[in-house]
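Take a look at the structure below.
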Amino acid sequence: MALLVNVLTVALGGTFNELPLQKHYPITFNGIRGTGLTRDTLLDTRYLSVGHYYDHFYAASTNISHNTTLPPWVTTQYTFLPVNETVQPSTSSGLYKAKLRGFGVDTKCEAMSSSPAGSRAFANVTELLRGGGRSENDTGATFNFRRDNGTWTPCYPTAILTGLDPAGQSAREVVTPLWPISFYAYRTYKPYEDHFCEDKFVVGWLRANSEDLNNTFKSSFLYCESALQTAMFDVDFDRAGHILAYNRSGEFDEITQFMSLNMSQTLVLQANDLMNDIGRPGIASAWHNGTMVVDWWNYLLKSLMQTTDLVDPSVEVPKPERVISVVEDLYQRLFAILLGKNLDLFEETTKPTNISGVVVVTETRIFLDDTAFLLSVVILCLNAVVLIWVYLSQSDAYLPRLPSTLGSLLAYTAASRAVREYGEGDGTSDEESWHRKAFPGTFSFGRYLGVDGNLHVGIEMDPFVTPVDGTMLSRQSTAKSWLQRKEEEES
């Protein structure tokens with residue numbers, strides 16, 4: 082039972098516990114931006130006039146390499162229309178849930194062949210063996226695509242880094258949107274009606290050795306096409322608008338419900354132009370012998386894949402199936418950041434738009450631990466059973482009092498001559514001399530006449546004590562004898 086008491090102490094301490102609990106309370110949000118557009122350009126005119134814009138690259142770089150938070154209302158795939166609280170709750174953990182509309186792109190990439198035989202797209206890039214610029218009469222590299230009617234349409238790169246020619250084992254990277262005409266015919270360019278070339282974005286890697294260019298030249302190219310899409314999402318976000326979790330709540334809606342198809346694709350075409358390093362100062366690198374990347378796209382791919390194999394001249398060009406998913410992910414990530422950092426593209430709501438949601442509040446509640454509670458009840462029941470059994474089956478008393486305290490122990494010897502045997506006398510008096518002669522050297526427990534003249538039960542020197550047996554100290558009434566008497570009376 083003593084061991085069970087220790088267990089009971091622990092069980093009782095663990096019966097009730099204070100734990101944090103997240104409670105959901107309804108709240109109403111007000112939509113800040115609507116689905117209508119304020120302009121027909123992805124960037125504001127002040128950025129277009131400068132010609133350089135790298136905010137999306139910086140945000141993606143810090144997020145990928147150091148796991149910093151993305152801009153408010155932005156995830157790695159979508160940008161959500163922002164909201165704010167109509168009523169500030171008195172207590173809030175800063176976690177909210179609401180159904181918000183998100184915009185992103187569906188990006189699909191495919192491998193390009195090096196020849197037109199049996200393929201839908203092939204890259205003619207032998208001109209890229211030279212690192213320098215082209216002349217006006219040189220059409221340069223072309224990326225060719227087969228139309229549905231079987232005819233081939235050549236598309237031309239708009240942004241290819243120039244620099245040195247191959248020297249030894251070298252590598253080169255290509256990241257560019259496409260146009261339907263050569264770069265040097267740009268001055269006579271007119272908008273292409275079906276945007277067949279402009280819809281595409283090309284990423285590629287090349288290897289060559291200057292000692293034998295014709296036999297060592299290898300390339301691997303992907304072309305990607307994107308389409309703007311939108312849907313409703315169940316979104317968890319904090320007070321600053323940073324997205325903590327999201328889940329699409331239904332199918333994607335037709336984008337034409339919110340803008341024209343031409344407008345949606347125009348945004349994608351403008352995003353294609355912002356995916357390369359046009360206008361980046363100090364960049365003049367084509368073929369290289371090391372693994373240091375000079376373009377944003379391959380720098381971010383290197384961080385995502387945690388390897389330099391893509392730009393390492395000593396490593397073979399990557400296989401398309403290895404990089405397709407990473408390229409698609411990076412394009413979607415950059416587009417979402419572009420859209421999120423330019424939310425003024427969406428018009429402000431003129432009328433209050435109420436959006437139902439919940440605020441998550443962390444509260445401290447007291448919980449009952451079932452295991453600890455059950456263990457405590459079992460031990461207490463066992464104690465009660467043992468206690469009842471002890472009182473019902475207790476034996477007759479054999480001591481006038483339990484020797485469980487210091488006072489109880491002293492009472493057994495305080496009035497006896499045994500105390501005086503160890504007193505402070507010098508042993509010269511007649512009484513003390515008689516004690517030394519008559520004392521046989523033993524003590525006994527029993528009844529004796531104390532030095533105070535009263536009768537006591539305790540420890541005394543022989544022969545001044547009369548031994549007692551258990552019957553002399555029996556209690557007048559015990560639980561067992563009381564029950565026995567009750568049974569006799571009833572019978």
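Start counting the sequence shown at 82; every next residue gets the next number (this note's numbering). Heads up, the beta-carbon is just placed ideally off N, CA and C, and yes, glycines get one too. These numbers were taken from a predicted model, which means no experiment stands behind them.
Candidates the options, of which the one nearest residue i by Cα
i	options	result
ASP121	ASN535, LEU342, ILE405 and THR523	LEU342
ASN165	THR430, PHE138 and TYR327	THR430
PRO247	ASN295, ARG227, ALA465 and SER200	ASN295
LEU536	GLU571, ARG501, TYR493 and GLU570	TYR493
ILE336	PRO153, GLY534, VAL538 and GLY183	GLY183
THR257	PHE314, GLN351 and SER251	GLN351
PRO235	THR223, ASP229 and ILE241	THR223
LEU490	ILE540, ASN148 and GLN387	ILE540
LEU385	THR157, THR96 and GLU570	THR157
LEU530	ASP543, SER497 and ARG501	SER497
PRO544	ALA499, GLY534, ARG127 and LEU420	ALA499
LYS422	HIS105, VAL467 and PRO152	PRO152
ASP319	HIS147, THR547 and GLY175	GLY175
LEU123	VAL532, VAL546, ASP425 and VAL86	ASP425
VAL86	GLY534, VAL467, THR297 and GLU568	VAL467
ASP317	ASP533, LEU181 and GLY117	LEU181
Beta-carbon proximity list for residue i, same chain, < 6 Å, skipping 5 on both sides
i	result
ASP219	Because ASP219 carries a pLDDT of 48, less than 50, the predicted location of this residue cannot be relied on, and the following value inherits that uncertainty. Excluding sequence neighbours, ASP219 sits near nothing in its chain.
GLN103	VAL441 and THR443
SER196	PHE203
VAL91	none
ASN230	none
MET344	none
THR167	THR109 and ASN111
Close Cβ partners of residue i (< 7 Å) along its chain, the five nearest in sequence each way excluded
i	result
GLY438	ILE108, PHE110, TYR177, LYS178 and ALA179
ASP187	SER307, ALA308 and GLN310
LEU415	HIS137, ALA141 and MET356
ALA266	Residue placement at ALA266 is flagged as unreliable, the pLDDT there being 49, under the threshold of 50; the coordinate-derived value follows with that caveat. There are no such residues.
GLY249	ASN290, SER291 and ASN370
ARG329	ALA312 and PHE314
PHE454	THR96
ASP354	PRO258
Close beta carbons around residue i, own chain, < 8 Å, minus the five adjacent residues each side
i	result
GLN346	HIS276, ASP280, ALA308 and LEU309
VAL398	TRP286, LEU287, ARG288, LYS299, SER300 and SER301
PRO383	Correcting the residue identity first, residue 383 is Lys in this sequence and not Pro. Counting only Cβ-Cβ distances below 8 Å, and skipping sequence neighbours, we find VAL374, THR389, LEU391 and VAL392.
THR434	ASN111, GLY112 and GLY115
ARG268	With a pLDDT of only 41 at ARG268, under the threshold of 50, the placement of this residue in the model should not be trusted, and no figure is reported.
VAL549	PHE526, GLY527, ARG528 and VAL538
SER251	ARG288, ALA289, ASN290, SER291, TRP368, HIS369, ASN370 and PRO394
LEU303	CYS190, GLU191, ALA192, MET193, VAL283, VAL284, GLY285, PRO401, VAL404, ILE405 and VAL408
Span separating the alpha-carbon of residue i from that of residue j
i	j	result
GLY59	THR143	Residue 59 falls outside the range modelled here, since the chain spans only 82 to 572, and no answer is possible.
ILE447	TRP378	53 Å
TYR472	ARG482	17 Å
ASN464	SER485	21 Å
TRP154	ILE324	6 Å
ARG253	THR119	40 Å
LEU84	LEU461	13 Å
PHE333	LEU209	41 Å
ARG227	ALA198	11 Å
TRP26	PHE524	Any question about residue 26 goes unanswered here, given that the chain covers just 82 to 572.
ILE262	ASP376	24 Å
LEU23	VAL459	The structure shown does not extend to residue 23, since the chain is modelled only from 82 through 572, so no value can be given for it.
VAL349	LEU411	14 Å
Boundaries of the alpha helix (DSSP H) in which residue i is found, first to last residue
i	result
ASP136	136–147
PRO401	401–421
VAL471	451–473
ALA492	487–494
ASN379	377–386
Element boundaries [beta strand (DSSP E), containing residue i]
i	result
MET313	299–319
ASP533	Element bounds for ASP533: n/a, residue is neither H nor E.
LEU176	176–193
GLN346	That residue, GLN346, is in no beta strand (DSSP E); its alpha helix (DSSP H) goes 342–354.
LEU100	97–112
TRP368	Neither: TRP368 is in no beta strand (DSSP E) and is coded neither H nor E.
Short CB-CB distance (under 8 Å) between residue i and chain B
i	result
LYS104	No chain B appears in this structure, which consists of one protein chain only.
Rounded distance between the beta-carbons of residue j and residue i, thought under 8 Å
i	j	result
THR452	GLU99	Going by Cβ atoms, the distance from THR452 to GLU99 rounds to 17 Å, so no, they are not a contact pair.
TYR159	ALA326	About 12 Å separates the two Cβ atoms, so there is no contact after all.
LEU162	PHE427	6 Å
THR96	SER457	6 Å
ALA94	GLN413	Strictly speaking, residue 94 in this sequence is Gly, with Ala absent from that position. Rounded, the Cβ-Cβ distance is 53 Å, inconsistent with contact.
ILE145	LEU381	6 Å
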